[in-house]
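In my numbering, the protein residues as written are 68 to 422.
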């Protein structure tokens, strides 16, 4: 049975919540929301805070609304100027453009990460199942019957077969904070995701030449190494498989044709490419370090699922799933910014110890 939400300013749960809500209600965050067309601000902020409360305490939105409406101490303690009804929250959320909300979340987190003075960066890319918890035991659900749905049959190494989505997340290694996420129907093969996600990261100016990307061996293929290095000039540190042949890889990393378009400074461009390849070949041998550092994204997924109830998904359209994911990723990102400095901290918060 869910206990009531009883505000206590000395309770570490509510102390952290007020720090989170202070960031969401800050002047900078309001400007970002307005710039992305999220209005009226007082209702948008109330909506986001209500959904965050539901995720934070792993309860329903309707339960949070009832608690807020019936307890003035809770409203006052968490600075709720207005409380939206449950139906109004869902109605308003359904009308929000998912891209506008995603851009808002990314911009707020960018401010916290101070991405504007960045230098070379390292990112971690990995995916996790978005399981809708549809019970398919005892009844047949064919692929054809899901043909017109936004979700589909899928498979994840950690849970086996499921029905739902695949959520791909990009984490900034230094801050351990999210910079981008992508949701796909079913579970497309990881090897196909590199050519899909890197152009988006480049267009959004998240990745730049010389950056590093850490990936699990699910993304492993010679073609992915080649694309990442030659097209995006980024160092792909993908965990290798047993049949990995370094000499074979080197043989396909010749100068790409587009380099020769720079006739005026061809020598300089070729030298930069050689430097990139040499750095990559040196780093790819350090497999144990890659495995350890890549593990932080698993910790972040655990925070989402175990600490913030992200495994209880009832979102049956990609739009709905995207908007809910944006808000929970915002929450997890702010928690990481405020409290998490190590793998041990991730473990504590995954267990619901918000102190």
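In this text, a Cβ means the ideal position worked out from N, Cα and C, and glycines have one as well.
For residue i, the nearest candidate out of the options (CA to CA)
i: residue 204; options: 134, 346, 228 and 181; result: 228
i: residue 374; options: 111, 113 and 126; result: 126
i: residue 253; options: 399, 278, 206 and 222; result: 222
i: residue 367; options: 344, 233 and 192; result: 192
i: residue 262; options: 294, 242, 272 and 133; result: 294
i: residue 316; options: 326, 196, 303 and 173; result: 303
i: residue 308; options: 89, 174 and 352; result: 352
i: residue 233; options: 362, 400, 270 and 392; result: 392
i: residue 219; options: 198, 398 and 235; result: 198
i: residue 350; options: 412, 211, 281 and 414; result: 281
i: residue 145; options: 314, 418, 80 and 384; result: 80
i: residue 313; options: 336, 300, 345 and 338; result: 345
i: residue 172; options: 97, 411 and 209; result: 97
i: residue 174; options: 207, 90, 381 and 382; result: 90
i: residue 141; options: 120, 381 and 157; result: 120
i: residue 195; options: 163, 168, 109 and 231; result: 231
i: residue 244; options: 176, 225, 209 and 273; result: 176
i: residue 399; options: 77, 122 and 135; result: 122
i: residue 133; options: 390, 87, 73 and 92; result: 73
i: residue 381; options: 200, 301 and 213; result: 200
i: residue 162; options: 390, 139, 296 and 342; result: 390
i: residue 301; options: 265, 333 and 213; result: 265
i: residue 15; options: 299, 202 and 251; result: The displayed coordinates of the chain run from 68 to 422. Any statement about residue 15 would go beyond what the structure contains.
i: residue 342; options: 359, 297, 356 and 358; result: 297
i: residue 255; options: 70, 224 and 130; result: 224
Bridge partner(s) assigned by DSSP for residue i
i: residue 189; result: 279
i: residue 237; result: 192 and 247
i: residue 252; result: 232
i: residue 198; result: 231
i: residue 302; result: 279
i: residue 219; result: 231
Buried or exposed by the 16-neighbour rule on C-beta atoms within 10 Å, applied to residue i
i: residue 286; result: buried
i: residue 104; result: exposed
i: residue 379; result: exposed
i: residue 405; result: exposed
i: residue 215; result: exposed
i: residue 291; result: buried
i: residue 361; result: buried
i: residue 116; result: buried
i: residue 276; result: exposed
i: residue 267; result: exposed
i: residue 384; result: exposed
i: residue 248; result: buried
i: residue 257; result: buried
i: residue 347; result: buried
Close-in-space but distant-in-sequence residues of the same chain around residue i (CB under 7 Å, 5 per side omitted)
i: residue 386; result: 165
i: residue 239; result: 180, 188, 190 and 246
i: residue 409; result: none
i: residue 111; result: 100 and 105
i: residue 178; result: 95
i: residue 283; result: 193, 306 and 361
i: residue 337; result: 322 and 326
i: residue 377; result: 371 and 395
i: residue 364; result: 191, 193, 236 and 238
i: residue 340; result: 322 and 326
i: residue 114; result: 151, 156, 159 and 160
i: residue 357; result: 281, 304 and 306
i: residue 250; result: 197, 232, 234, 385, 388, 389 and 392
Contacting residues, own chain, Cβ-Cβ under 6 Å from residue i (five flanking each side not counted)
i: residue 188; result: 278
i: residue 155; result: none
i: residue 416; result: 370 and 374
i: residue 207; result: none
i: residue 403; result: 243 and 244
i: residue 87; result: 401
Own chain partners of residue i with C-beta closer than 8 Å, once the 5 adjacent residues on each side are dropped
i: residue 170; result: 103
i: residue 412; result: 406
i: residue 289; result: 315, 316 and 319
i: residue 241; result: 188 and 189
i: residue 167; result: 103, 104 and 105
i: residue 149; result: 109, 110 and 113
Segments of 4+ residues assigned as alpha helix (DSSP H) that fall wholly inside the segment 391-417: 410-417
Quick one: which unbroken beta strand (DSSP E) runs of 3-plus residues sit fully inside the segment 130-183? Chain order, please. none
Starting from the N-terminal side, write out each stretch of the beta strand (DSSP E) that is 3 residues or longer and does not extend beyond the segment 296-351. 302-305
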